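Accompanying notes for the structure given below.
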Amino acid sequence: MSVFDTACGQVRGNSPDRGVVAVLGIPYAEPPFGADRFRAPRPRSPWAGIRDCADFGPVPPQSAQLPGAPSWSPGDEDVLSLNVWTPAAGGTAPGGPLPVLVWIHGGAYTFGSGAQPDFDGAALARAGLVVVTLNYRLGFEGFGHVPADGEDPCPPNRGLLDQIAALTWVRRNIAAFGGAPENVTVAGQSSGAASVACLMAMDSARGLFRRAIAHSAVGPCYSPELAGHLMEKVAAEAAVPATGAGLAAASPQTLVKASDAVVDAYRQNPHSGRHHWDPVLYGPVADGVHLRADPLAVLAGGAASGIDLLVCHTIQEYWLLDAVGSSAKVTTEEHLNRFAADFGLPDSLTQGYRGLMPEAPVGDVHLALYGDLMFGEYSSRLADAHARAGGRTFLSRFARQRGGSEPVAYAWHCADVPFAFGNLGEESIRFLIGGAPTAADHHLSDRMTAAWAGFAATGEPGWEPLGASGGPVRTWEAADTTRAPAPGHWSDSGTVRTLWRSFGYRPLRP
Numbered sequence: 001m002s003v004f005d006t007a008c009g010q011v012r013g014n015s016p017d018r019g020v021v022a023v024l025g026i027p028y029a030e031p032p033f034g035a036d037r038f039r040a041p042r043p044r045s046p047w048a049g050i051r052d053c054a055d056f057g058p059v060p061p062q063s064a065q066l067p068g069a070p071s072w073s074p075g076d077e078d079v080l081s082l083n084v085w086t087p088a089a090g091g092t093a094p095g096g097p098l099p100v101l102v103w104i105h106g107g108a109y110t111f112g113s114g115a116q117p118d119f120d121g122a123a124l125a126r127a128g129l130v131v132v133t134l135n136y137r138l139g140f141e142g143f144g145h146v147p148a149d150g151e152d153p154c155p156p157n158r159g160l161l162d163q164i165a166a167l168t169w170v171r172r173n174i175a176a177f178g179g180a181p182e183n184v185t186v187a188g189q190s191s192g193a194a195s196v197a198c199l200m201a202m203d204s205a206r207g208l209f210r211r212a213i214a215h216s217a218v219g220p221c222y223s224p225e226l227a228g229h230l231m232e233k234v235a236a237e238a239a240v241p242a243t244g245a246g247l248a249a250a251s252p253q254t255l256v257k258a259s260d261a262v263v264d265a266y267r268q269n270p271h272s273g274r275h276h277w278d279p280v281l282y283g284p285v286a287d288g289v290h291l292r293a294d295p296l297a298v299l300a301g302g303a304a305s306g307i308d309l310l311v312c313h314t315i316q317e318y319w320l321l322d323a324v325g326s327s328a329k330v331t332t333e334e335h336l337n338r339f340a341a342d343f344g345l346p347d348s349l350t351q352g353y354r355g356l357m358p359e360a361p362v363g364d365v366h367l368a369l370y371g372d373l374m375f376g377e378y379s380s381r382l383a384d385a386h387a388r389a390g391g392r393t394f395l396s397r398f399a400r401q402r403g404g405s406e407p408v409a410y411a412w413h414c415a416d417v418p419f420a421f422g423n424l425g426e427e428s429i430r431f432l433i434g435g436a437p438t439a440a441d442h443h444l445s446d447r448m449t450a451a452w453a454g455f456a457a458t459g460e461p462g463w464e465p466l467g468a469s470g471g472p473v474r475t476w477e478a479a480d481t482t483r484a485p486a487p488g489h490w491s492d493s494g495t496v497r498t499l500w501r502s503f504g505y506r507p508l509r510p
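At position 91 of the sequence shown the residue is numbered 91 (the working numbering), and the sequence of numbers has no breaks.
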């Protein structure tokens with residue numbers, strides 16, 4: 001088995017498998033519990049001897065049990081770890097160190113881990129990258145507001161600070177695994193993509209990466225007032241005082257259960273505003289210090305113009321949330337109008353979507369509108385803002401479906417990720433892609449993997465960047481195009497984008 005030197009000590013990975021070595025569960029920070037709970041991450045203390053890193057580390061507190069991935073067990077504390085996949089040659093082949101891709105998983109800032117099977121980095125490593133996936137604090141532990149009881153306040157955005165600590169570890173240690181510390185791309189999907197956008201906007205992450213990939217970024221971020229409001233609800237459900245000391249006295253398990261109960265209460269109450277439709281309690285907070293403002297505003301100001309950016313979203317994002325029961329059903333025009341009012345959407349938007357989808361049931365109009373509100377339009381605006389500020393930016397859309405007019409798998413949220421990672425053979429993703437992959441699916445996956453590898457290596461994914469007034473958009477489907485496909489409302493993406501011009505994203509408030 002391969003042994004690698006890190007600043008904290010030696011680690012031993014697994015035996016090479018088809019030319020790739022996996023080193024799993026490497027700690028990058030101290031366990032964030034005890035005196036370190038709700039604090040910024042601390043660097044890991046050195047260890048003696050060789051640490052065996054053949055298995056994934058414990059996952060952060062959460063209630064989710066994801067197929068093929070570890071689940072959290074109360075008492076697990078050493079949750080800040082990362083995983084490395086590197087070609088067995090270790091970057092010693094002609095050409096020197098390899099480009100590095102660091103993956104930040106999604107999961108509504110509440111669930112998930114770097115150990116999910118669809119995030120296995122072996123295929124991308126065989127494409128010439130060193131791949132890193134990581135765990136970071138989730139839910140209340142990572143993003144909940146903790147009131148300051150004294151002169152030593154607990155920082156907001158602790159999950160983002162964990163990500164920065166992992167990137168700092170990569171900068172200091174990845175050369176030992178054959179990676180180039182000066183050529184790092186940070187990538188993510190959904191809340192992981194929004195985390196990437198936040199990292200681009202944060203001064204404390206400056207210089208830790210040179211490129212960024214954001215698939216289905218979700219926004220906007222939270223205001224401090226909303227974070228405080230949600231904290232009070234969770235504290236009440238946990239039956240603890242809404243103070244720093246009161247929250248610290250509650251176990252991680254108690255806060256997970258309390259958070260789930262608050263989410264369920266929002267789901268059951270159709271008069272609870274936007275949280276009824278999407279009861280996500282946690283997210284990055286625009287606190288004016290760690291995160292000055294929503295990333296859209298910061299990127300528009302040119303703060304990250306030196307970072308190359310690759311953006312992608314799917315054309316039917318919210319169909320997945322509907323399929324798995326995470327979205328409140330809309331069955332009448334009255335429901336649709338209430339949804340629009342709860343999110344402050346102008347009448348022109350709902351009328352415009354109805355005009356683009358005249359034969360569709362009202363539920364499909366809602367899913368199209370909601371998917372673009374949360375992911376499609378926000379992601380596209382990130383690309384627009386960065387390009388207009390002078391940042392080199394590429395935009396793409398994922399449109400692959402299976403099943404004709406009644407798809408068994410839509411071009412929905414998360415479906416693009418296993419294609420880009422090259423992991424179509426994983427049993428756990430069969431639902432996402434509608435069954436066993438076809439030859440055309442494998443060909444599409446090869447092209448998407450090559451785009452990621454090319455972008456991480458040289459900043460070139462295979463098509464032209466956007467200009468200040470727009471530009472080509474790659475559409476990923478059986479035969480790639482540079483315009484949106486015929487089925488669905490994205491058949492005229494220019495019209496869709498025009499409909500959103502009257503809507504502005506601002507940090508969410510109570």
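By construction, the Cβ of each residue, glycine as well, lies at the ideal position given by its N, Cα and C atoms. Model, not experiment: these values are computed from the prediction.
In the three-state scheme derived from DSSP, where H, G and I count as helix and E and B as strand, Gly467 is classed as strand. Counting only runs that start and end inside the stretch 12-99, there is no alpha helix (DSSP H) element of at least 4 residues. Straight through space, the alpha carbons of Glu359 and Arg210 are spaced by roughly 45 Å. Between Pro58 and Val84, the C-beta spacing is not below 7 Å. Residue pairing for Leu508: DSSP places it in a beta bridge opposite Tyr222.
Comparing alpha-carbon positions, the option among Asp287, Ala125, Gly376 and Arg292 lying closest to Pro16 turns out to be Ala125. Note that the C-beta distance between Ala180 and Ile213 is not below 7 Å. A residue is called buried when at least 16 other Cβ atoms come within 10 angstroms of its Cβ; Trp500 meets this threshold and is buried.
Boundaries of the beta strand (DSSP E) around Phe4: Val3 to Thr6. With contacts defined as CB atoms closer than 7 Å, His215 and Cys312 qualify as a contacting pair. In terms of CA proximity to Tyr28, Pro46 leads the group Gly13, Pro46, Ala250 and Ile307. Residue environment analysis places His271 among the exposed positions, since fewer than 16 neighbouring C-beta atoms fall within 10 angstroms of its C-beta. Taking C-alpha positions only, Ala249 is separated from Pro153 by approximately 16 Å. One thing to note: Arg392 has its Cβ no nearer than 7 Å to the Cβ of Pro295. Taking all protein chains shown into account, Asp203 has fewer than 16 neighbouring C-beta atoms within 10 Å of its C-beta and is therefore exposed. Around the beta carbon of Arg509, a 10 Å sphere encloses fewer than 16 other beta carbons of the protein chains shown; the residue is thus reported as exposed.
The criterion of a C-beta distance shorter than 7 Å is satisfied by Glu477 and Arg400. In terms of Cβ geometry, Thr86 and Val132 do not form a close pair [threshold 7 Å]. A check of alpha carbon separations from Ala35 across Thr6, Gln163, Ala194 and Gly244 identifies Gly244 as the nearest. Burial check for Pro361: the Cβ neighbour count within 10 Å stays below 16, so the residue is exposed. Nearest C-alpha to Arg12 among Phe33, Gly49 and Cys53: Cys53.
Nearest to Gly459 by alpha-carbon distance, out of Pro61, Leu101, Ala468 and Gly159, is Leu101. Taking the C-beta atoms as reference points, Leu129 is found no nearer than 7 Å to Ala368.
With at least 16 other beta carbons inside 10 angstroms of its own, Val184 counts as buried. It is roughly 5 Å from the alpha-carbon of Pro97 to the alpha-carbon of Gly178. Going by DSSP, His313 is part of the beta strand (DSSP E) stretching over Asp308 to Thr314. A check of alpha carbon separations from His442 across Asp416, Phe455, Pro461 and Ser428 identifies Asp416 as the nearest. Taking a C-beta distance under 7 Å as the contact criterion, Leu382 and Ala197 qualify as a contact pair. Residue pairing by DSSP places His229 opposite no residue, since no beta bridge is assigned to it.
Within the DSSP bridge table, the entry for Arg211 names Thr185 and Asp308 as partners. For the pair Pro224 and Asp287, the Cα-to-Cα distance works out to about 6 Å. Burial check for Val408: the Cβ neighbour count within 10 Å stays below 16, so the residue is exposed. Cβ neighbours of Gly68 within its own chain (closer than 8 Å, five residues either side excluded): Gln116, Pro117, Glu426, Glu427 and Ser428.
Straight across, the Cα-Cα distance linking Gly404 with Ala389 is about 40 Å. Taking the C-beta atoms as reference points, Ala300 is found no nearer than 7 Å to Ala194. Taking the Cα positions, Ala239 is about 19 Å away from Ala148.
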